[in-house]
Amino acid sequence: MRVDDFDYDLPPESIAQYPADRREQSRMLDLGRQDGRVRHRVFPELLELLEPVRHRVFPELLELLEPGDVLALNDTKVIPARLIGRRAGGGEAEVLLLEPAGEHRWHALVRPGRKLREGRVVEFGDGELRATVLEAGEMGMRLVELEHDGELLPLLDRLGRPPLPPYIRRDTEALDRERYQTVYAREPGAVAAPTAGLHFTDELLAAIERSGVSVCRVTLHVGLGTFRPVQVERIEDHVMHAEQYEVSGAAADAINSREGRLVAVGTTVTRTLETVADADGLVHAGSGRSEIFIYPGYEFRAVEAMLTNFHLPRSTLVMMVSAFAGRDHTMAAYHEALAEGYRFYSYGDCMFIH
């Protein structure tokens, strides 16, 4: 298949620059996986609280989940991995930490790339943190060595910024430190949020569990594999960058003993569960690095329903959704979402596919 098969025109005004005022206020498109039918409606009791619209809102996920379902979340926590400092000798520089590569070493993206060659040093804060470029890699990546006193994560909390996607063109750091993070995040290591989870509140998760739906957590540290652009013409030629995952024994037991569906919150959860599922659909506990690339033609082993945001054209994420719902159904739903004014990407609205 060609990458062009997953392209679509997206007006800039459809890209959400800010999150909804409240997490649960996002809209939700309801897509039938088998027939491609799109549904738009809201709970009658919610109409008094919201403007009279005919679209689903996120709390209606309660209506679409069934007792016996298992809702799987990604509990990775976004670290403030975007560091802005100064090069030795002057000049601003940016280092985006991607993932650890050994003691004090990280894979990173840097700017300006031409001025950050091997041996160059960038300082952050008052010299509390230094990054030395050790070697250059593909696509602007660098291997850097960090020098610092004390623990790194507290230092990043103070000196770093949330690593927002490049299509969000503004800077409101205080807002993003809270909202570019799920309410259930607990395992530090991601450099991008598992965005389908951004719509949940603690209250909604409690209501879901009271309704007879089990909630379990897995971990996939979102990194370059999720947002790396596809730069080949044939999608079969694309190679995914590996991302670290962990599935606990408790999560695997909850999933394998379920009476209802396995509902994945986001493409990262889908990727994790399909990585550890066997041919019979059983999910196995374990940890490792996932390199799985899911595109149309893939036979899903475990995941039976998916909640996901609207993704970039030509991306591996829209390819995964197309594998789950069918390319034609997915593209038709995306075009309808655009016509109906849904907000796209990380801070945008979502769709439930079942």
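In terms of the numbering used here, the sequence shown opens at residue 1024 and continues consecutively.
Every residue gets a Cβ at the ideal spot worked out from N, C-alpha and C, and that includes glycine.
Values in this document were obtained by computation on a predicted structure and should not be read as measured data.
### Host alpha helix (DSSP H) of arginine 1361 (start-end)
Indexing the sequence shown from 1 puts residue 1361 at position 338. A small fix is needed here, since residue 1361 is leucine in this sequence, not arginine. 1350-1362 is the span of the alpha helix (DSSP H), which, as asked, contains leucine 1361.
Taking the alpha-carbon positions, what's the glutamate 1297 to arginine 1153 distance? As a first step, residue 1297 must be located in the sequence shown, where it is residue number 274. As a first step, residue 1153 must be located in the sequence shown, where it is residue number 130. Taking the straight line joining both Cα atoms gives about 39 Å.
Relative to the alpha-carbon of proline 1217, which residue among Gly1349, Gly1371, Leu1054 has its alpha-carbon at the smallest distance? What you label residue 1217 is simply residue 194 of the sequence shown in a count that begins at 1. Proline 1217 has its Cα closest to that of Gly1371, out of Gly1349, Gly1371, Leu1054.
>> Please state the DSSP three-state secondary structure of glutamate 1146.
In response: Sequence index remark: in the sequence shown, residue 1146 carries index 123 (1-based). If DSSP states are grouped into helix, strand and coil, glutamate 1146 belongs with the strands.
Assuming alanine 1095 and valine 1286 form a contact by the criterion Cβ under 8 Å, report the distance between their Cβ atoms to the nearest whole angstrom.
As a first step, residue 1095 is located in the sequence shown; it is residue number 72 there, counting from the start. As a first step, residue 1286 is located in the sequence shown; it is residue number 263 there, counting from the start. Sure, about 7 Å apart at Cβ, within 8 Å.
Checklist line | Same chain only: Cβ atoms within 7 Å of glutamate 1036, ignoring 5 sequence neighbours per side | finding: Here residue 1036 corresponds to residue number 13 of the sequence shown, with the count starting at 1. Contacts found: none.
Worksheet entry | Cβ-Cβ distance between threonine 1099 and glycine 1212 below 9 Å | In the sequence shown, residue 1099 corresponds to position 76, counting from 1. In the sequence shown, residue 1212 corresponds to position 189, counting from 1. Yes; because the gap between Cβ atoms is below 9 Å, this pair is in contact.
_Where the beta strand (DSSP E) through aspartate 1199 begins and ends_ = Taking the first residue of the sequence shown as 1, we reach residue 1199 at position 176. Here aspartate 1199 belongs to no beta strand (DSSP E); instead the alpha helix (DSSP H) covers 1196-1202.
Within its chain, find whatever has a CB closer than 6 Å to the CB of glycine 1283; leave out the 5 residues flanking it on each side and keep chain order. Mapped onto the sequence shown, residue 1283 falls at position 260. Excluding positions up to five away in sequence, the list reads Glu1089, Gly1091, Asp1092.
Notebook entry, point to check: Between the C-alpha atoms of aspartate 1199 and leucine 1106, what's the straight-line distance to the nearest angstrom?
Noted result: Stepping through the sequence shown from its first residue, residue 1199 is reached at position 176. Stepping through the sequence shown from its first residue, residue 1106 is reached at position 83. Rounded to the nearest angstrom, the two C-alpha atoms are 15 Å apart.
**Prompt:** When DSSP labels each residue in this structure, what does leucine 1094 get in the three-state scheme?
**Reply:** As a working mapping, residue 1094 is identified with position 71 in the sequence shown. Note: leucine 1094 maps to strand in three-state DSSP.
Short of 8 Å in beta carbon distance, which residues of its chain neighbour valine 1241, apart from the five on each side in sequence? Order them along the chain. On the sequence shown, position 218 is the one that residue 1241 refers to. The answer, listed in chain order, is Ala1095, Leu1096, Asn1097, Asp1098, Tyr1268, Glu1269, Val1270, Ser1271, Ala1274, Val1292, Thr1295, Leu1296.
(request) Give the C-beta separation of valine 1026 and valine 1306 to the nearest angstrom, bearing in mind that I take them to be a contact with Cβ-Cβ under 8 Å. (result) For the purposes of this step, residue 1026 is identified with residue 3 of the sequence shown, where counting begins at 1. For the purposes of this step, residue 1306 is identified with residue 283 of the sequence shown, where counting begins at 1. Not really, about 31 Å apart at Cβ, beyond 8 Å.
Check your understanding: Among residues of its own chain, excluding the 5 on either side of leucine 1227, which ones have a beta-carbon nearer than 7 Å to its beta-carbon?
Key -> The count along the sequence shown starts at 1 and reaches residue 1227 at position 204. Cβ neighbours of leucine 1227 beyond the five flanking positions: Glu1047, Pro1082.
Notebook entry, point to check: Are there 16 or more other CB atoms within 10 angstroms of the CB of alanine 1348, so buried, or fewer, so exposed?
Noted result: Locating residue 1348 in the sequence shown gives position 325, where the first residue counts as 1. Classification for alanine 1348: buried.
*Counterpart residues of leucine 1330 in DSSP-defined beta bridges*: The sequence position of residue 1330 within the sequence shown is 307, counting from 1. Note: leucine 1330 sits in a beta bridge opposite Val1288, Phe1375.
Given a cut-off of 9 Å on the beta-carbon distance, is the pair tyrosine 1368 and leucine 1335 in contact? As a working mapping, residue 1368 is identified with position 345 in the sequence shown. As a working mapping, residue 1335 is identified with position 312 in the sequence shown. For tyrosine 1368 and leucine 1335, yes; Cβs fall inside 9 Å.
I'd like to know if the stretch 1200-1209 and the stretch 1310-1323 are in contact, where contact means that at least 3 CB-CB pairs between them fall below 8 Å.
no
Nearest-angstrom beta carbon gap, phenylalanine 1316 and threonine 1339 [assumed within contact, 8 Å] | Position 316 of the sequence shown, counted from the start, is the residue given in the question as residue 1339. Position 293 of the sequence shown, counted from the start, is the residue given in the question as residue 1316. Right, the Cβ-Cβ distance comes to about 7 Å (below 8 Å), so this counts as a contact.
- If you drop the 5 nearest sequence neighbours on each side, which residues of the same chain put their C-beta closer than 6 Å to that of glutamate 1168? Translated into positions along the sequence shown, residue 1168 becomes position 145. Here the set comprises His1127, Arg1128, Thr1155, Leu1157.
Close-in-space but distant-in-sequence residues of the same chain around asparagine 1279 (CB under 8 Å, 5 per side omitted): Residue 1279 sits at position 256 when you count from the first residue of the sequence shown. Leu1305, Val1306.
**Message:** Extract the residue ranges of the alpha helix (DSSP H) inside the stretch 1257-1320, only unbroken runs of 4 or more that lie entirely within it.
**Reply:** 1272-1279, 1290-1299
Going by alpha carbons, who is nearest to glutamate 1146 out of Ala1111, Val1344, Leu1175, Arg1056? Along the sequence shown, one-based indexing puts residue 1146 at 123. When each option's Cα is compared against that of glutamate 1146, the closest is Ala1111.
**OP:** Specify the secondary structure class of glutamate 1115 as computed by DSSP and reduced to three states.
**Re:** As a first step, residue 1115 is located in the sequence shown; it is residue number 92 there, counting from the start. Correct three-state label for glutamate 1115: strand.
| query | Using the rule of at least 16 other Cβ atoms within 10 Å of the residue's Cβ for burial, across every protein chain shown, is serine 1234 buried or exposed? | reply | If you number the sequence shown from 1, residue 1234 lands on position 211. Exposed is the call here.
### Task
Have a look at Gly1113, Asp1351, Arg1045, Glu1266 and flag the residue whose alpha-carbon is nearest the alpha-carbon of alanine 1124.
Counting from one through the sequence shown, the residue named residue 1124 turns up at place 101. Comparing Cα positions, the closest option is Glu1266.
Give the DSSP-derived three-state secondary structure of aspartate 1058 in the structure shown. Working through the sequence shown from its first residue, we reach residue 1058 at position 35. Reduced to three states, the DSSP call for aspartate 1058 is coil.
*For histidine 1352, which residues from the same chain have a beta carbon less than 6 Å from its beta carbon, with the 5 sequence-adjacent residues on both sides left out?*
For the purposes of this step, residue 1352 is taken as residue 329 along the sequence shown, with counting starting at 1. The residues are Gly1059.
*asked:* By the three-class DSSP mapping on this structure, what secondary structure does isoleucine 1107 have?
replied: Numbered from its first residue, the sequence shown carries residue 1107 at position 84. In this structure, isoleucine 1107 counts as strand in the three-state DSSP scheme.
- Query: CB-CB under 6 Å to glycine 1114, same chain, minus the five flanking residues each way: which ones, in chain order?
  - Reply: Here residue 1114 refers to the residue found at position 91 when the sequence shown is read from its first residue. Around glycine 1114: no qualifying Cβ.
(Q) Pull the bridge partners of leucine 1156 from the DSSP assignment, please. (A) By 1-based counting over the sequence shown, the position of residue 1156 is 133. Looking at the sequence itself, residue 1156 is valine, so the reference to leucine does not match. Valine 1156 is bridged to Val1167.
Taking the alpha-carbon of tyrosine 1313 as reference, which of Phe1223, Leu1084, Arg1050, Val1262 has the nearest alpha-carbon? Counting from one through the sequence shown, the residue named residue 1313 turns up at place 290. Position check: residue 1313 holds serine in this sequence, whereas tyrosine was assumed. For the residues Phe1223, Leu1084, Arg1050, Val1262, the minimum Cα distance to serine 1313 belongs to Val1262.
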